[in-house]
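Student: In the working numbering, the protein residues as written are 1 to 842.
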Amino acid sequence: MFYNIIQRKRNEWLSRIDCPVKSLLSYIESKGMMRDAQIEAIKTYLFLKIECGNKPLWRLFTEGDFLSLNLDNISLTAKARTILETDKAAASLYEYACQRDEQGNVSAPALKKYIEENPDTIDYVAVFKKFFYDVDYPDYIFSLPMGAGKTYLMAAFIYLDLYFSLNEPDNLSFAHNFMILVPSGLKASIIPSIKNIQDFDPTWILPNPTASQIKNEIQFEVLDAQKTAQKSNLVKNPNAQKINSHLTSNEVRSLVAVTNAEKVIPDKLDKDKSPSLLSDKEKKEFEISNELRSIVGKIPHLSIFIDEVHHASDGDIKLRQVVNKWTETETFNSVLGFSGTPYLSTAESMKVGLDLSLKNKNLSNVVYYYPLIEGVGNFLKSPTIKVSDGGYETIIRKGVSEFLDTYGNLNYSNGTCAKLAIYCGRIDNLEENIYPIVAELISKFGLNPADTILKYHGGNKEYSVSESAATEFASLDTSLSKIKIVLLAQIGKEGWDCKSLTSVILPQKGACPQNMVLQTSCRCLRQVVKNNKETALIWLNDDNAKTLNKELDKQQHTSIEELNKGGSAKQYTLQRFSRMEKLRVPPIDFFQLKVSYLTLVLEDELNTAKELQRNELYATSDLQLIRQQNLKGEVEDKATEQLQDDEHDKPITFNSWLHLICKESFRTLHIAQLKKYTTALQAIFNTITDIRGGIHFLKGEYNQIQVRANVRKAFIPHRSIEVKEEVIPETAELLQIKNFQSVIEVNDTSKYFPNQELVLKIVDADKGEKTLKAEIQTTIDTLKTLSNQDQTIQALLNSPDSYEPTESNINDKTYHYLPYRFDSSFEISYFSKSLQAIIRDK
1 MFYNIIQRKR
11 NEWLSRIDCP
21 VKSLLSYIES
31 KGMMRDAQIE
41 AIKTYLFLKI
51 ECGNKPLWRL
61 FTEGDFLSLN
71 LDNISLTAKA
81 RTILETDKAA
91 ASLYEYACQR
101 DEQGNVSAPA
111 LKKYIEENPD
121 TIDYVAVFKK
131 FFYDVDYPDY
141 IFSLPMGAGK
151 TYLMAAFIYL
161 DLYFSLNEPD
171 NLSFAHNFMI
181 LVPSGLKASI
191 IPSIKNIQDF
201 DPTWILPNPT
211 ASQIKNEIQF
221 EVLDAQKTAQ
231 KSNLVKNPNA
241 QKINSHLTSN
251 EVRSLVAVTN
261 AEKVIPDKLD
271 KDKSPSLLSD
281 KEKKEFEISN
291 ELRSIVGKIP
301 HLSIFIDEVH
311 HASDGDIKLR
321 QVVNKWTETE
331 TFNSVLGFSG
341 TPYLSTAESM
351 KVGLDLSLKN
361 KNLSNVVYYY
371 PLIEGVGNFL
381 KSPTIKVSDG
391 GYETIIRKGV
401 SEFLDTYGNL
411 NYSNGTCAKL
421 AIYCGRIDNL
431 EENIYPIVAE
441 LISKFGLNPA
451 DTILKYHGGN
461 KEYSVSESAA
471 TEFASLDTSL
481 SKIKIVLLAQ
491 IGKEGWDCKS
501 LTSVILPQKG
511 ACPQNMVLQT
521 SCRCLRQVVK
531 NNKETALIWL
541 NDDNAKTLNK
551 ELDKQQHTSI
561 EELNKGGSAK
571 QYTLQRFSRM
581 EKLRVPPIDF
591 FQLKVSYLTL
601 VLEDELNTAK
611 ELQRNELYAT
621 SDLQLIRQQN
631 LKGEVEDKAT
641 EQLQDDEHDK
651 PITFNSWLHL
661 ICKESFRTLH
671 IAQLKKYTTA
681 LQAIFNTITD
691 IRGGIHFLKG
701 EYNQIQVRAN
711 VRKAFIPHRS
721 IEVKEEVIPE
731 TAELLQIKNF
741 QSVIEVNDTS
751 KYFPNQELVL
761 KIVDADKGEK
771 TLKAEIQTTI
781 DTLKTLSNQD
791 QTIQALLNSP
801 DSYEPTESNI
811 NDKTYHYLPY
821 RFDSSFEISY
831 FSKSLQAIIR
841 DK
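#1: Determine contact between the segment 540-555 and the segment 444-462, defined as no fewer than three beta-carbon pairs at a distance below 8 Å.
#2: Just the C-alpha distance for I243 and Q198, rounded to the nearest angstrom, thanks.
#3: Below 8 Å, can you find three or more Cβ-Cβ pairs linking the segment 105-125 to the segment 329-341?
#4: So, for K298: in the same chain, excluding its five sequence neighbours on each side, which residues have a beta-carbon less than 7 Å away from its beta-carbon?
#5: How about Y140 and L48: do their beta carbons lie closer than 8 Å?
#6: As an exercise, report each continuous alpha helix (DSSP H) stretch of at least 4 residues that is fully enclosed by the segment 484-524, in chain order.
#7: For V711, I'd like the list of residues in its chain whose CB is within less than 6 Å of its CB, leaving aside the five on either flank, ordered along the chain.
#8: Hey, L537 and E328: beta-carbon distance below 8 Å or not?
#9: For N306, does the three-state DSSP call read helix, strand or coil?
#10: Quick one: grab the DSSP three-state call for C98.
#11: For a minimum of 3 consecutive residues, which ranges assigned as the beta strand (DSSP E) are wholly contained in the segment 706-791?
#12: Any contact between the segment 622-632 and the segment 749-759? By contact I mean 3 or more CB pairs, one from each, below 8 Å.
#13: One question on the structure: do T502 and C524 come within less than 8 Å of each other, judged by their Cβ atoms?
#14: Could you check how far apart the C-beta atoms of A619 and N703 are, in whole angstroms? I think they sit under 8 Å.
#15: Going by beta carbon distance, what residues of the same chain come within less than 6 Å of S303, once the five residues before and after it are set aside?
#16: Taking the C-alpha atoms as reference points, what is the distance between L234 and A714?
#17: Count the C-beta pairs between the segment 500-520 and the segment 414-433 that are closer than 8 Å, then say yes if the count reaches three, no if not.
#18: In the DSSP assignment, find the alpha helix (DSSP H) that holds R81 and state where it starts and stops.
#19: Which value, in whole angstroms, describes the spacing of the CA atoms of A90 and Y114?
#20: What are the start and end residues of the alpha helix (DSSP H) that includes G375?
#21: Return the CA-CA distance between N290 and I194, expressed in angstroms with no decimal places.
#22: Are V486 and K419 touching if we call contact CB-CB under 8 Å?
#23: Which of the three DSSP states, helix, strand or coil, is assigned to N541?
#24: For the candidate residues A108, Y817, E29, whose alpha-carbon lies nearest to that of R584?
#25: Helix, strand or coil for I588, going by three-state DSSP, please let me know.
#26: Count the other CB atoms, across all protein chains shown, that sit within 10 Å of the CB of P819; report buried if there are 16 or more and exposed otherwise.
#27: Ordered along the chain, which non-local residues of its own chain (more than five positions away) have a Cβ less than 7 Å from that of D477?
#28: On a CA-only basis, which of E102, Q7, M33, D36 is nearest S68? Give me that one, please.
#29: So for M350, helix, strand or coil by DSSP?
#30: Near V252, which residues of its chain fall below 8 Å by C-beta distance, leaving aside the five closest residues on each side in sequence?
#31: Within the chosen definition, does the segment 357-374 reach the segment 30-50 through at least 3 CB pairs nearer than 8 Å?
#32: Using CA coordinates, which residue listed in L84, H648, V21 is at the minimum distance from I205?
#33: I need the boundaries of the beta strand (DSSP E) containing N360, first residue and last residue.
#34: For the beta strand (DSSP E) holding A639, just list the boundary residues, first then last.
#35: Comparing alpha-carbon positions, which option in T792, Y572, S349, T689 lies nearest D748?
#36: Between F870 and P238, what straight-line distance do the alpha-carbon atoms span, to the nearest angstrom?
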């Protein structure tokens, strides 16, 4: 749980008055387009990049960058206290051991005790290096559940790095180029990944014109070619050729390449056999297979993004070997991993001391973690998970029937229809057992199985998949698809993004791998329409339910019961009203001043020699007027006197004078240019200086700075700047309410003011409506049951005494829409009490 320590320190940084990203984060939050999970990840990312200098995690911990431990209140031996007070790495490891878990227990009691008893037997730096996989580069993992928008988060990181590197090109904390690796098993993910990044609107995180400028600079490359090009003389790997076309200089920037991990995994591993023992043919094959990896390694200021990074978590696997090789370059920036399940398939054992080893199934380099349960009801559908101990046929019949009854006629606002996925395990089970049952049920519902059921698998000798199946599967999440039930075998367990998938059935053990029950069963939780309250249905057999509970407990510290409760937090319905017409707030008239500048070059050819001979070049120092007057104030005499320039009598040589001219030009003029006109410049120099004792001194009667400026002017063509001013009348509304909704659902009403009761009173007062007193209303209701009482009823309605008194200040509320959402309780208090008192006193 290192991420908890990082987050605590991050929050301290963000709360500082001088935090450099406050305005940027305020802009992102005000736009309201990024999810809370993404914004929190961006905060951590900026903290690690800016405050922490993009350092490796082991270095940050050993140098005490995250340390906030107070040893004063902890009982320790003298030896332990001395070591922990003097060794930041030791204190950081001890702080990690002392963390509390969700139940309030010490997270690593054995490690805590061992440090307290054996503080001088641990190599703390070595332990942290082992924790973070012995890498010397920034290697950070961001853990967000599926549906949180990991691809958009990648895009946000890319734009932020390019933004900061544009402002600080020499700052090595920020990347200039990016390689995104999609896991080998998810070949269908590469095109959606690049499309999501291309579609990302950078104005969600950066203001224009910067956002548009960076978007126009980005160059996308999809490295999806399958075969080696045969006719290229320079490069035989077509994917390598794509990268190579950008490497025309060391200044390559804004390159975003996306590929499957298999494209860069070595075809031929470096084994014990020495390259010198390979035949020429073997060497050639080896060179071709390594071509793409070699060229990617040449990309400067490169950051690697690894999607579903838990597939590359083992240090011995091929992908990690390749990435480690790339990181050896001087300008390599970082490795960023993204995963919803940052856990190892088997626990790692790590030796801390002679008598202590730690086992860990969590990926240690997770710097940000957003739990699945917090996404439910937020940006994920709220699921109902049902478990049956019956056979697979019973589960399928119940699950399909409930899906058709609940969601069979549901069409989302984007035109897609709700869908159910049934994971069948084997192809023969799909074709022979499950399809007939589903076809029967879909027919009873009045639908044609051929139009509404899709069978999708890899095919085998007995059963082939239709040619159109892949296309239909790819278009499931579009309004064109009429498919309602998808039968899957050995596919769609991970990396499948179908937001209109509303239900999942895992009817039997083996429907999916046991270590992927969580990912598979939650495929249907992605939200279709942002901020909508949507639901989902999951049916499991008993075995899969037990596995899911186990995975939820270990990986997400939650359970099926908690998921079923997720998103059920109390919602409050608020009615909102616009009062713009009632208050008759006029638009604000203002004028926009548009100023344009046009620079005109008045000389076609430059004549420097002639300009250097102009008398106007010799600018003289200023004159001062001296008046002589008597005691009566009468002027008796007037005279002018030339002031001496500030640089007068300053010793100088001809060469140093030339260098001074160049220096003051801010590199727009060079010595070589001046040397071409040495004779003319020497004449000027001789005129503005005196020689005394063989040394030149600047004369006081000349404005030396202006003379040097005039010399520089002789080396540039004369220009004229034409200024055009245009006054444009404009109007603006005092308040702009975008996407105003008359009814909203909120979790917390404390920041909305005034309350609904007062809101309705204000609205009624705006309409001129009055409320009858309760006893008068009762009397009128009684009179209505009697005959010939119309005059009496009308008299009661006409009497002012029949109505509740209107609060004298009810119409003093000047809110432009009701209720108004404030950002804090302090603002509510100020506007509702302090400010109103000030207004009344006026």
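Where a beta carbon is used, it is the ideal one built from N, C-alpha and C, also for glycine.
Tutor: Short version:
#1: Short answer: they don't touch.
#2: I243 and Q198 have their C-alpha atoms spaced approximately 18 Å apart.
#3: No, they do not touch.
#4: Contacts found: L247.
#5: Contact flag set, yes.
#6: For the segment 484-524, the continuous alpha helix (DSSP H) assignments of 4+ residues that do not extend past its boundaries occur at 517-521, in sequence order.
#7: So the qualifying residues of the chain are I661.
#8: In this structure, E328 does not lie closer than 8 Å to L537 by Cβ.
#9: The sequence shown places Ile at residue 306, rather than the Asn named in the question. When secondary structure is reduced to three states using DSSP, I306 falls in the strand class.
#10: Note: C98 maps to helix in three-state DSSP.
#11: Counting only runs of 3 or more, we get 719-732, 743-746.
#12: Contact fails: fewer than three Cβ-Cβ distances are below 8 Å.
#13: Going by C-beta atoms, T502 is nearer than 8 Å to C524.
#14: In this structure A619 touches N703 by the C-beta definition: roughly 4 Å separates them, less than 8 Å.
#15: Same-chain partners within the cutoff: A175, F178, N333, S334.
#16: With a pLDDT of 46 at L234, under the threshold of 50, the modelled position of that residue is not reliable, and the figure given next carries that caveat. If I take the Cα positions, the gap works out to 50 Å.
#17: Output reads yes: the segment 414-433 touches the segment 500-520.
#18: DSSP places R81 inside the alpha helix (DSSP H), whose first and last residues are 78-86.
#19: Going by the C-alpha atoms only, they are around 12 Å apart.
#20: In this chain, the alpha helix (DSSP H) harbouring G375 covers 372-375.
#21: One C-alpha to the other measures close to 24 Å.
#22: V486 is a Cβ neighbour of K419, given a cutoff of 8 Å.
#23: Residue state, collapsed to three classes: strand.
#24: Nearest C-alpha to R584: Y817.
#25: In this structure, I588 counts as strand in the three-state DSSP scheme.
#26: Around the beta-carbon of P819, 16 or more other beta-carbon atoms lie within 10 Å, marking it buried.
#27: Counting only Cβ-Cβ distances below 7 Å, and skipping sequence neighbours, we find T416, C498, K499, S500.
#28: Of the candidates E102, Q7, M33, D36, the residue whose Cα lies closest to the Cα of S68 is Q7.
#29: It is a strand residue.
#30: Cβ neighbours of V252 beyond the five flanking positions: H176, N177, H246, I299, P300.
#31: The segment 357-374 vs the segment 30-50: in contact.
#32: Put simply, of L84, H648, V21 the residue whose alpha carbon is nearest the alpha carbon of I205 is V21.
#33: For N360, the uninterrupted beta strand (DSSP E) segment begins and ends at 356-362.
#34: Membership of A639 in the beta strand (DSSP E) is indicated by the continuous run 635-642.
#35: Cα-wise, what sits closest to D748 is Y572.
#36: There is simply no residue 870 to check, as the chain begins at 1 and stops at 842 in what is shown.
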